[in-house]
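Residue numbers (full-length UniProt numbering): 1 to 687.
Heads up, the thing below is written out as structure tokens.
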Amino acid sequence: MAAVAEEHANHKLGITDDNDEIDDNPIEQVRLTVSIHDDPTQPVLTFRTWVLGLGSCVLLAFVNEFFGYRTNPLGISSVAAQIVTLPLGKIMAATLPTKSIHVPFTKWSFSFNPGPFSMKEHALITILAGCGSSGVYAIGIVTIVKAFYHRTINPIAAYMLAISTQMLGYGWAGIFRKFLVDSPYMWWPSNLVQVSLFRAFHEKERRPRGGQTRLQFFFLVFVASFVYYTIPGYFFQGLSAISIVCLIWKNSITAQQIGSGMYGLGLGSFSLDWNAVSGFLGSPLAVPGFAIINVLVGYVLVLYIAIPILYWNNVYDAKKFPFISSSTFDNTGAKYNVTRILNEKNFDIDLNSYNNYSKLHLSLIFALNYGLSFANLTATLSHVALFHGKKIWSLWKKTTRAATKGENEGDVHTRIMKKNYEEVPEWWFVTILALMIVMSLVACEGFGRQLQLPWWGFLLSLVIALVFTLPIGVIQATTNMLVGTIVASTVHFSTAWWLLTSIRNICDETLLPEGSPWTCPSDTVFYNASIIWGVVGPQRMFTKDGLYPELNWFFLIGALAPVPVWLLARQFPNHKWIELINMPIIFTGAGGIPPVRAVNYIMWGIVGIFFNFFVYRKFKAWWARYTYILSAALDAGIAFTGVLLYFALQNYDIYGPKWWGLEADDHCPLARCPTAPGVVVHGCPAT
């Protein structure tokens, strides 16, 4: 064991040079960020990996699920675990015994300390932590059933739902990994942030003259972010959204609708809070410049052109409802009372009650976002078929030929991986997929059919997933963990079930005590979506029986939109910028509103353009060295400060001195008011 430690100590930077390899990756950002060297002798699946990885997974899953139900959710990313586990791993490497431990009745043995703490151990720990930091989508279903509809659900059925929905993705991952992982064109931009951080932590480098090493730069920015966030995160929360227009015109609904960055168009609004920049849309520093432009084009077309024209022409009775809202409404402009149309015996819609009450109304932005999501689905299929169809077919033929002839296809990173490591057999993924299908069918058809999804509906969802996994994966991979997922899903479910069964009236703002933080903002959006798609149903929303049949035209619009871009790209092959016009991203440009707000888009776009155009072109060496490190440091500082503020102060109801800047609001209350005559809303002037 000492020899192993000595061997690792002699490896410069913890890696070995692959001198025979040439960096032929086609993506410049990857070439600037990712090393082409590998040391296959580094320990990976060690005792340290299991302890720190699973510990981080459990902790992040609990904390993120716990905070997710609160009025101001706090999400802690795997970057926090990436930082904390580095010194812990080094301490374990320095103190744990190196003696080999034999596992009884097997040929296996292991050591508590196989040598220096390696980058690969650190990476696997971070992957396990990432499973915990990511949410479990099906928990939202359990939450709305128990907290909003006040129905009972068998905890075993709920747990099987959570596990199976998370694990089904592994089956599709195995089927499509040749296209979405092995292809050098599928580069998953957000991963470059953590790659940069790993290299800063583990690779030794000399300090540049007059500058800092990447590790020094990280900690300087981290400390600055940590200290500064106490201001917008605690003392002056109003810095998250500042509206100049609302400060000037305090009594004008129209002016506040135009100027509010939280509830309006956001003209003249800005933020001095990094969490407002990256909290909803992700760090703009990790998004390619062309993707930022596509998002902003969609945002401008929707929020600054389509919405004002449609709203002030009162399309879909838009003036009866708030300018921006994810709530559902009745024909009087009041919140929709779903209990009036539900049959309590079978938890289904009572058509007589529905017809005597009101059809379901949506705010204009909420309705339009559904249309844009329809367009995005078909545009994704069309875009991938037109721009990537030949590449996918060619890759399919190459990988098939490589599998039969033993050839290595792909770029330098693919070749190194195939040379140094065995590939996971595809039948593993197929087995996982088959087992999860069986579990899902049991959850749907068993337990008194509490999930209310018939077997044929589940199989239909599998077909939809099969169709859309590859095209959506291509879009995500070019524009921005089995054990870990099981553990994370279990902890997420356990935490949610504990909160839902122990906190009285959780998620119900009308019954919660004043000042209670358990308002469940994200689940409220999910609940309103369940009314649209579950209770009332798409037939009574998007056909002639409903109010929004015109939105179905967006399916056709989305399918046709990439065609002229593709034709222009073929006609003018030397104009490479044409190929960067991405209609699926444009359609989703403003698709996050709400809960994303105008001020988030504005600041995200400004920061993203500055770094990924100006800095990238003028100071490329600085950009390559520090940009992703800067992104990780800013996010990490906020995460640690947020946790500290909560447990040290806010958990004890200590919120600082009361003054107008303490509210996390842009002080545009009239922006939420309807403008149609006769609609009465508390706090709004009569119209």
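Glycine included, C-beta positions come from ideal geometry on N, C-alpha and C.
| message | Quick check: the region 252 to 260 against the region 215 to 233, are at least 3 beta-carbon pairs closer than 8 angstroms? | response | Output reads no: the region 252 to 260 does not touch the region 215 to 233.
| query | Would you call the CB atoms of aspartate 411 and aspartate 39 closer than 7 angstroms? | reply | As a working mapping, residue 411 is identified with position 411 in the sequence shown. As a working mapping, residue 39 is identified with position 39 in the sequence shown. Contact annotation: aspartate 411 and aspartate 39 have beta-carbon atoms that are not nearer than 7 angstroms.
| Can you tell which of Gly473, Phe587, Ser325 and Ile307 has its C-alpha closest to the C-alpha of glycine 169? | To locate residue 169, count along the sequence shown from 1; it is residue 169. By alpha-carbon distance to glycine 169, the top candidate from Gly473, Phe587, Ser325 and Ile307 is Gly473.
| query | Secondary structure at phenylalanine 329, three-state DSSP: helix, strand or coil? | reply | One-based indexing of the sequence shown puts residue 329 at position 329. Reduced to three states, the DSSP call for phenylalanine 329 is strand.
| Identity of the residues DSSP links to lysine 250 by a beta bridge | Along the sequence shown, read from residue 1 onward, the residue named residue 250 stands at position 250. None, per the DSSP bridge assignment.
| If we count Cβ pairs, one from each stretch, closer than 8 angstroms, do we get three or more for the region 584 to 593 versus the region 292 to 302? | Three or more pairs of CB atoms, one per stretch, sit closer than 8 angstroms, so the region 584 to 593 contacts the region 292 to 302.
| field | Which listed residue (Thr126, Arg540, Thr490 and Asp653) has its alpha carbon closest to that of isoleucine 156 | value | On the sequence shown, residue 156 is found 156 positions in, with the first residue counted as 1. It is Thr490 whose Cα lies nearest to the Cα of isoleucine 156.
| query | alpha helix (DSSP H) containing serine 56: first to last residue? | reply | Here residue 56 is taken as the residue at index 56 of the sequence shown, counted from 1. Serine 56 -> alpha helix (DSSP H) spans 47 to 68.
| Excluding the five sequence neighbours on either side, which residues of its own chain have a C-beta within less than 6 angstroms of the C-beta of isoleucine 15, listed in chain order? | Position 15 of the sequence shown holds residue 15. Because isoleucine 15 sits at a pLDDT of 40, beneath the cut-off of 50, its placement in the model cannot be relied upon, and the point is left open.
| task | With DSSP as the reference, please indicate the residues paired to lysine 390 in a beta bridge. | result | Taking the sequence shown and counting its residues from 1, the one referred to as residue 390 is at position 390. According to DSSP, lysine 390 bridges with nothing at all.
| query | Is DSSP giving histidine 667 helix, strand or coil here? | reply | Along the sequence shown, read from residue 1 onward, the residue named residue 667 stands at position 667. Histidine 667 falls in the coil class under three-state DSSP.
| said: Quick check: is any heavy atom of the ligand GDP less than 6 angstroms from the C-beta of alanine 443? | reply: The model depicted lacks the ligand GDP and carries no ligand whatsoever.
| query | If you draw a straight line from the C-alpha of phenylalanine 387 to the C-alpha of tryptophan 566, how long is it? | reply | If you number the sequence shown from 1, residue 387 lands on position 387. If you number the sequence shown from 1, residue 566 lands on position 566. Between phenylalanine 387 and tryptophan 566, the alpha-carbon positions lie close to 7 angstroms from each other.
| task | Determine the DSSP secondary structure at lysine 335, reduced to helix, strand or coil. | result | The count along the sequence shown starts at 1 and reaches residue 335 at position 335. Three-state result, lysine 335: strand.
| Near valine 151, which residues of its chain fall below 7 angstroms by C-beta distance, leaving aside the five closest residues on each side in sequence? | Residue mapping note: residue 151 aligns to position 151 of the sequence shown, counting from 1. Per the sequence presented here, residue 151 reads as arginine, with valine not at that position. Excluding its 5 nearest sequence neighbours in each direction, arginine 151 has C-beta neighbours in its own chain below 7 angstroms: Val145 and Phe347, listed in chain order.
| field | C-alpha gap between residue 688 and tryptophan 518, whole angstroms | value | The requested residue 688 is not part of the displayed model; the chain covers only 1 to 687.
| Nearest to proline 43 by CA position, among Gly238, Val681, Gly259 and Ala93, is which residue? | Position 43 of the sequence shown, counting from 1, holds the residue named residue 43. Checked all of Gly238, Val681, Gly259 and Ala93; the closest Cα to proline 43 is Ala93.
| query | Exposed or buried, tryptophan 108, counting other C-beta atoms within 10 Å across all chains shown (16 or more means buried)? | reply | Counting from one through the sequence shown, the residue named residue 108 turns up at place 108. By the neighbour-count criterion, in which 16 or more other beta carbons inside 10 Å mark a residue as buried, tryptophan 108 falls on the exposed side.
| For asparagine 343, three-class secondary structure by DSSP | As a first step, residue 343 must be located in the sequence shown, where it is residue number 343. Residue state, collapsed to three classes: strand.
| said: With the cut-off set at 7 angstroms, would you say isoleucine 638 and asparagine 275 are in Cβ contact? | reply: Position 638 of the sequence shown, counted from the first residue, corresponds to residue 638. Position 275 of the sequence shown, counted from the first residue, corresponds to residue 275. With respect to the 7 angstroms criterion, isoleucine 638 and asparagine 275 are classified as neighbours on the basis of their beta carbons.
| Runs of beta strand (DSSP E) wholly within the region 133 to 204 (minimum 3 residues, chain order) | List check, beta strand (DSSP E) in window: nothing returned.
| Does DSSP classify isoleucine 258 as helix, strand or coil? | One-based indexing of the sequence shown puts residue 258 at position 258. Shown here, isoleucine 258 sits in a helix according to DSSP, grouped into three states.
| query | In angstroms, rounded to a whole number, what distance separates the CA positions of tyrosine 354 and arginine 340? | reply | Walking along the sequence shown from the start, residue 354 turns up at place 354. Walking along the sequence shown from the start, residue 340 turns up at place 340. So the two alpha carbons sit approximately 8 angstroms from each other.
| Pick from Lys319, Trp660 and Ile293: whose alpha carbon is nearest that of isoleucine 602? | As a working mapping, residue 602 is identified with position 602 in the sequence shown. Per the Cα distances, Ile293.
| said: Would you call the region 455 to 462 in contact with the region 428 to 442, where contact means no fewer than 3 C-beta pairs closer than 8 angstroms? | reply: Yes, the region 455 to 462 is in contact with the region 428 to 442.
| message | Short of 6 angstroms in beta carbon distance, which residues of its chain neighbour leucine 482, apart from the five on each side in sequence? Order them along the chain. | response | Residue mapping note: residue 482 aligns to position 482 of the sequence shown, counting from 1. Confidence in leucine 482 is poor, its pLDDT being 48 and thus under 50, which makes the residue's placement too unreliable to answer from.
| task | Return the Cβ separation of proline 594 and serine 326 in integer angstroms, given the expectation that the two are a contact with Cβ distance under 8 angstroms. | result | Sequence index remark: in the sequence shown, residue 594 carries index 594 (1-based). Sequence index remark: in the sequence shown, residue 326 carries index 326 (1-based). Right, the Cβ-Cβ distance comes to about 5 angstroms (below 8 angstroms), so this counts as a contact.
| message | Taking 7 angstroms as the threshold (C-beta atoms), are alanine 598 and leucine 247 in contact? | response | Translated into positions along the sequence shown, residue 247 becomes position 247. Translated into positions along the sequence shown, residue 598 becomes position 598. No, Cβ-Cβ distance for leucine 247 and alanine 598 is not below 7 angstroms.
| query | Going by C-alpha distance, which of Tyr421, Ile486, Leu364 and Val563 is nearest tyrosine 263? | reply | As a first step, residue 263 is located in the sequence shown; it is residue number 263 there, counting from the start. Measuring from the Cα of tyrosine 263, the nearest candidate turns out to be Leu364.
| task | Return helix, strand or coil for methionine 481, following the three-state DSSP convention. | result | Your numbering for residue 481 matches position 481 in the sequence shown. For methionine 481, the predicted structure reports a pLDDT of 43, less than 50, and the residue's modelled location is therefore unreliable. A value from the coordinates is still provided. Methionine 481 falls in the coil class under three-state DSSP.
| query | Straight-line CA distance for phenylalanine 66 to proline 521? | reply | Counting from 1 along the sequence shown, the entry for residue 66 is found at position 66. Counting from 1 along the sequence shown, the entry for residue 521 is found at position 521. The straight-line gap from Cα to Cα measures roughly 13 angstroms.
| query | How many Å lie between asparagine 420 and isoleucine 242 at the Cα? | reply | On the sequence shown, residue 420 is found 420 positions in, with the first residue counted as 1. On the sequence shown, residue 242 is found 242 positions in, with the first residue counted as 1. Whole-angstrom Cα-Cα distance: 53 angstroms.
| message | Quick check on serine 240: does DSSP put it in helix, strand or coil? | response | Start at 1 with the first residue of the sequence shown, and residue 240 comes out as number 240. Correct three-state label for serine 240: helix.
| query | Do the CB positions of proline 284 and valine 607 come within less than 7 angstroms of each other? | reply | Reading the sequence shown from its first residue, position 284 is the one you call residue 284. Reading the sequence shown from its first residue, position 607 is the one you call residue 607. In this structure, valine 607 lies closer than 7 angstroms to proline 284 by Cβ.
| Residue burial classification, valine 245 (beta-carbon count within 10 angstroms, cutoff 16) | One-based indexing of the sequence shown puts residue 245 at position 245. Its Cβ being crowded by 16 or more others within 10 Å, valine 245 is buried.
| request: Could you check what DSSP says for aspartate 523 in three-state terms: helix, strand or coil? | output: On the sequence shown, position 523 is the one that residue 523 refers to. Aspartate 523 falls in the helix class under three-state DSSP.
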